[in-house]
C-alpha cells in the first residue's frame, strides 16, 4: 500500500509541474516577442540563453605596469650639492646689509622631488632673496618625518626633504602642513600663515622654477611690459620695487584694491592678503587645475585689480642643472671645487657676460624640454620610486594616478559651479552670484 502512495505522490508532482510550465509559456513568448520588437534578437531563430559568466579566479589580479624602466637603479636620484656651507652669493646680487623696511616673505611649497626644490631655493638665494625670508612649506603629508634629528625618510623617497640643510646651510625657514594638502588647500594655508604672522602681503613661487637676475638689462622673454633698465638690480630688489608700487595711492585707482601681481604668470606672484580673505580664499572643492581660474576670475568679478610685474628671469623647468653655475664663478666643470671655500677662491664671472648668456641658454633649453611633450611636463613628479617601508610611503605611480583623477573631478566641479568650460568667466558674462546657479553653456 505504501508503494502505491509513493507513486501517487510522484504522479501529483508531475501534474503540478506540467500545469506550472503551461501557465508560464505565454509569459516567455511575450518576453521573446518584446525583445524581438526591440531588435535584441531575431524571433525566427531559436532562443538561446545568455552565455555563462566565467568565474573570476581567487585572489587579486595585478595590473600590467607599462613603460617602466627595467632597472630601478637607472632612476636613482643623486644629490649634487656636496658642500657643508653655502658658497658666497654673486656680489652684484647680495641682499642689502640691513633688511628693507617691507616684509617680503616668500613661500615655496614642496610635495615631492628634493633635487628640484633645492635648485629652486638656491636660485632665489643667489638672485638676492634673503634666505631668512624664504619659507619652504613641507606639504609631503609625512607629519614631520623629515624634521626628526635622524630623519626617517631617505633620498630615493619622493617625500624626502633635507630640512637640516635648508635650515642650517641655506638659512631658510621650513614649516610643515599638518597633512597632505591639495593645491587650493595649500594656497589657503599660505593665507592662514600670513594672517598668523600679520603679513599684509606675501610672495609665493612654484618649486619647479629656476630664477636669475636680469644681469644684461634686457627684458625677460615672457613679459615685455617694462622699459629697459638703466642699472642692475637683483631679482629680489626688483620684486621689492614692484611691491612698493602698490603703496602708491594712485595704484589700482578705480578698483576695489589690488589682489595679485604676476611675475611670469604665477610662477612667482605677489598676493594681497586681505583681497583673498574678502573673497573667502581659494575654493577647496576645486583641488588642482581650474582652481586658479576660479580664484583669479572671482577676484576680477569683484572689481579687484590684477596686474603683471617683472623682476628677472623665471623659467619653468623639470630637471636640475649643475648647481655650481648659480654661484657665478669661473671654474672647470671637469674639476669642480670640493668645498665652498674652494669655490669662493675662484674669480667671479663677469656680470651679464658670456657665462650669463650661456646660463640663460641652458635655462631656455631646460624649459623647452619640459614643454616639448605633455608626457614630459610632469615627469619630475614621478622621478623618485624608492622609499618602500618608510613612514607614509605612497606608491609614486598610484599617487600620480590618484592626482589625475582628482584633477578631472576638479575640472568637473569647476564647470558645474559656473556652467562654463574655460577660464574666461567674466568675459562670458558671469558674475559672482551666478556660481552654482546657471545651466551649462556648452549644451
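In our numbering, the protein residues as written are 3 to 445.
By construction, the Cβ of each residue, glycine as well, lies at the ideal position given by its N, Cα and C atoms.
With residue 365 and residue 313 assumed to form a contact (beta carbons below 8 Å), what rounded beta-carbon distance in angstroms separates them?
If you number the chain shown from 1, residue 365 lands on position 363. If you number the chain shown from 1, residue 313 lands on position 311. Contact flag wrong, Cβ pair sits at about 15 Å.
Mind checking whether residue 269 and residue 211 have CB atoms under 9 Å apart?
Locating residue 269 in the chain shown gives position 267, where the first residue counts as 1. Locating residue 211 in the chain shown gives position 209, where the first residue counts as 1. Yes, the pair counts as a contact, with Cβ atoms nearer than the cut-off.
Nearest-angstrom Cα distance between residue 197 and residue 60?
Sequence index remark: in the chain shown, residue 197 carries index 195 (1-based). Sequence index remark: in the chain shown, residue 60 carries index 58 (1-based). Straight-line Cα distance between these residues: approximately 55 Å.
Reference residue 81; option with closest CA among 120, 93 and 103
Sequence index remark: in the chain shown, residue 81 carries index 79 (1-based). Ranking 120, 93 and 103 by Cα distance to residue 81 puts 120 first.
Would you mind reading off the limits of the alpha helix (DSSP H) that contains residue 144?
As a working note, residue 144 is residue 142 in the chain shown. It is not in any alpha helix (DSSP H) - residue 144 carries neither H nor E in the DSSP assignment.
Once you ignore the five residues that flank residue 169 on each side, which residues in its own chain have a CB closer than 8 Å to its CB?
Stepping through the chain shown from its first residue, residue 169 is reached at position 167. These residues qualify, in order along the chain: 175 and 176.
Contact belief for residue 256 with residue 301 at Cβ below 8 Å, rounded distance in angstroms:
What you label residue 256 is simply residue 254 of the chain shown in a count that begins at 1. What you label residue 301 is simply residue 299 of the chain shown in a count that begins at 1. Their Cβ separation, rounded to whole angstroms, is 15 Å, which puts residue 256 and residue 301 out of contact at 8 Å.
By a C-beta neighbour count over all protein chains shown, 10 Å radius and 16 as the cutoff for buried, is residue 282 buried or exposed?
Within the chain shown, numbered from 1, the residue matching residue 282 stands at position 280. Counting Cβ neighbours within 10 Å, residue 282 comes out exposed, since fewer than 16 surround it.
Is it true that the CB of residue 106 sits closer than 9 Å to the CB of residue 238?
Stepping through the chain shown from its first residue, residue 238 is reached at position 236. Stepping through the chain shown from its first residue, residue 106 is reached at position 104. Cβ distance < 9 Å, so residue 238 and residue 106 count as in contact.
Applying the criterion that 16 or more other CB atoms from any shown protein chain within 10 Å of the CB defines a buried residue, is residue 138 buried or exposed?
In the chain shown, the residue the question calls residue 138 occupies position 136. Result: buried.
Give me the DSSP bridge partner(s) of residue 175.
The count along the chain shown starts at 1 and reaches residue 175 at position 173. DSSP, once it has assigned bridges, lists 137 as partnering residue 175.
Output the distance between the C-alpha atoms of residue 396 and residue 65, rounded to the nearest integer angstrom.
Working through the chain shown from its first residue, we reach residue 396 at position 394. Working through the chain shown from its first residue, we reach residue 65 at position 63. So the alpha carbons of these two residues sit roughly 17 Å apart.
Would you mind working out which of 163, 424 and 432 sits nearest residue 79, comparing C-alpha positions?
Locating residue 79 in the chain shown gives position 77, where the first residue counts as 1. Minimum Cα distance to residue 79 is reached at 163.
How should residue 422 be labelled, buried or exposed, when 16 other C-beta atoms within 10 angstroms of its C-beta is the threshold for buried?
The residue you call residue 422 lines up with position 420 of the chain shown. When all chains shown are included, residue 422 counts as buried.
Measure the CB-CB distance between residue 216 and residue 240 and report whether it falls below 9 Å.
Counting from 1 along the chain shown, the entry for residue 216 is found at position 214. Counting from 1 along the chain shown, the entry for residue 240 is found at position 238. Yes.
Euclidean distance between Cα positions of residue 166 and residue 206:
Sequence index remark: in the chain shown, residue 166 carries index 164 (1-based). Sequence index remark: in the chain shown, residue 206 carries index 204 (1-based). C-alpha separation (whole angstroms): 22 Å.
How would you call residue 244, buried or exposed, if buried means at least 16 neighbouring beta carbons within 10 angstroms?
Here residue 244 corresponds to residue number 242 of the chain shown, with the count starting at 1. The residue in question, residue 244, is buried, as its Cβ has 16 or more Cβ neighbours within 10 Å.
Just how far apart, CA to CA, sit residue 419 and residue 308?
In the chain shown, counting from the first residue as 1, residue 419 sits at position 417. In the chain shown, counting from the first residue as 1, residue 308 sits at position 306. Rounded to whole angstroms, residue 419 to residue 308 spans 22 Å at the Cα level.
Give the secondary structure of residue 116 by DSSP, where H, G and I count as helix, E and B as strand, and everything else as coil.
Here residue 116 refers to the residue found at position 114 of the chain shown. In this structure, residue 116 counts as helix in the three-state DSSP scheme.
Taking residue 147 as the reference, give the member of 178, 287 and 125 with the closest Cα.
Sequence index remark: in the chain shown, residue 147 carries index 145 (1-based). It is 178 whose Cα lies nearest to the Cα of residue 147.
Please tell me whether residue 92 and residue 329 are closer than 9 Å, where the distance is taken between their beta carbons.
Counting from 1 along the chain shown, the entry for residue 92 is found at position 90. Counting from 1 along the chain shown, the entry for residue 329 is found at position 327. Contact: yes.
Pick from 271, 90 and 295: whose alpha carbon is nearest that of residue 429?
The count along the chain shown starts at 1 and reaches residue 429 at position 427. It is 295 whose Cα lies nearest to the Cα of residue 429.
What do you reckon, are the CB atoms on residue 116 and residue 234 nearer than 9 Å?
Translated into positions along the chain shown, residue 116 becomes position 114. Translated into positions along the chain shown, residue 234 becomes position 232. No.
Spatial neighbours of residue 342 in its chain, beta-carbon cut-off 6 Å, leaving aside the 5 residues before and after:
Counted from its first residue, the chain shown places residue 342 at position 340. So the qualifying residues of the chain are 85, 87 and 89.
Measuring only the C-alpha atoms, how far is residue 337 from residue 344?
Against the chain shown, residue 337 aligns to sequence position 335. Against the chain shown, residue 344 aligns to sequence position 342. When rounded, the distance between both Cα atoms is 11 Å.
Segments assigned alpha helix (DSSP H), at least 4 residues, entirely inside the segment 199–281:
237–247 and 275–280
Among the residues of its own chain, which have a CB less than 7 Å from the CB of residue 218, if the five just before and after it don't count?
Looking up residue 218 in the chain shown gives position 216. For residue 218, where only same-chain residues beyond five positions count, the Cβ hits under 7 Å are 354 and 358.
Could you pull out every residue in the same chain whose Cβ sits closer than 7 Å to the Cβ of residue 284, ignoring the five residues on either side in sequence?
One-based indexing of the chain shown puts residue 284 at position 282. If we look at residue 284 and ignore the five residues flanking it on each side, its Cβ neighbours are 186, 189, 190, 293 and 297.
Thinking residue 441 and residue 154 are a contact (beta carbons under 8 Å), I'd like their distance in whole angstroms, please.
Within the chain shown, residue 441 is the residue found at index 439, counting from 1. Within the chain shown, residue 154 is the residue found at index 152, counting from 1. About 52 Å; that fails the 8 Å criterion.
Please state the DSSP three-state secondary structure of residue 413.
Counting from 1 along the chain shown, the entry for residue 413 is found at position 411. Helix, per DSSP.
Would you say residue 203 and residue 274 are within 9 Å of each other, going by their C-beta atoms?
Translated into positions along the chain shown, residue 203 becomes position 201. Translated into positions along the chain shown, residue 274 becomes position 272. Contact flag set, yes.
Exposed unless 16 or more other CB atoms sit within 10 angstroms - verdict on residue 99
By 1-based counting over the chain shown, the position of residue 99 is 97. Label assigned to residue 99: exposed.
Considering Cα atoms alone, identify which of 289, 104 and 271 is closest to residue 405.
Taking the chain shown and counting its residues from 1, the one referred to as residue 405 is at position 403. If we check each option's Cα against that of residue 405, 289 comes out closest.
Within 10 angstroms of the Cβ of residue 403, are there 16 or more other Cβ atoms? Answer buried if so, exposed if not.
On the chain shown, residue 403 is found 401 positions in, with the first residue counted as 1. Flag for residue 403 reads exposed.
Could you check if residue 399 is buried or exposed, using at least 16 other CB atoms within 10 Å of its CB as the buried criterion?
What you label residue 399 is simply residue 397 of the chain shown in a count that begins at 1. By the 10 Å Cβ count, residue 399 comes out exposed.
Per-residue DSSP class, three states only, for residue 74
One-based indexing of the chain shown puts residue 74 at position 72. Low confidence applies to residue 74: its pLDDT is 47, below 50, so where it sits in the model is not reliable enough to give any reading.
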